[in-house]
Amino acid sequence: MCSSDLVISAFLKESLAAPDHHALRLGRIGSSFVELLGNATFRGYLILGASAYIGLFAILGGMPIVVINVLGESPAMFGYLYSAVMIVYLGATMAAERLVRRIGIERMAKWGVVTIVAAGSLTLAIHAADLIALSSVFAVNALVMIGFALTMPAT
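Just so you know, the sequence shown maps onto residues 60 to 214 in the numbering used here.
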């Protein structure tokens, strides 16, 4: 046992002192979910997280189709473009880690939502104006990933 384990065991009590043999019953699990969904804060963050991941999965599933099939680029070009978008995400994640300490998670999450909504609106405008190009695909996907980094900071 490490010295940190000794310190922890000396000062912190076990959170589940007695086993709960009913914890995995379906009724108990269901009532726990109902209780969670009854909390407005939980629902807000649930929607925020789900929406951010929808944007991420749209990039993962849609970007190769647009770049390779619609724009006629090579798989190698898609790889370069995808790499560039992920480099933007990496930089945004590193910035978000510092930013969350200064402005707080709620404000940063709002900025992330605004960024993702702006990316979606820009995507619609680009499609409506028939301006689909590598640069526009990069711009909107990078913007989604910046928003993702703001809503899901790696702290």
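All C-beta atoms in this analysis are idealised placements derived from N, C-alpha and C, irrespective of residue type, glycine included.
In this structure, how does DSSP classify residue i when only helix, strand and coil are distinguished?
i: Glu73; result: coil
i: Ile146; result: helix
i: Glu165; result: helix
i: Leu119; result: helix
i: Pro134; result: helix
i: Asp79; result: coil
i: Leu209; result: helix
i: Arg84; result: coil
i: Asn98; result: coil
Are residue i and residue j closer than 8 Å when you measure CB to CB?
i: Phe197; j: Val125; result: no
i: Ala213; j: Glu132; result: no
i: Leu158; j: Leu193; result: no
i: Ala208; j: Thr152; result: yes
i: Arg87; j: Leu96; result: no
i: Phe116; j: Ile127; result: no
With a CB to CB cut of under 7 Å and the five nearest residues on each side skipped, what residues in its chain are close to residue i?
i: Val203; result: Gly114, Ile118, Ile175 and Ala178
i: Leu107; result: Ala168, Val172 and Thr210
i: Asn200; result: Ile118, Met122 and Val144
Which one of the options has the shortest CA to CA distance from residue i?
i: Tyr148; options: Ile205, Leu183, Met122 and Ala109; result: Ile205
i: Val129; options: Leu190, Cys61 and Ser63; result: Leu190
i: Arg166; options: Ala135, Gly150 and Tyr104; result: Tyr104
I'd like the list of long-range same chain contacts for residue i, defined as Cβ closer than 6 Å, with 5 residues on each side in sequence excluded.
i: Ser62; result: none
i: Thr182; result: Val199
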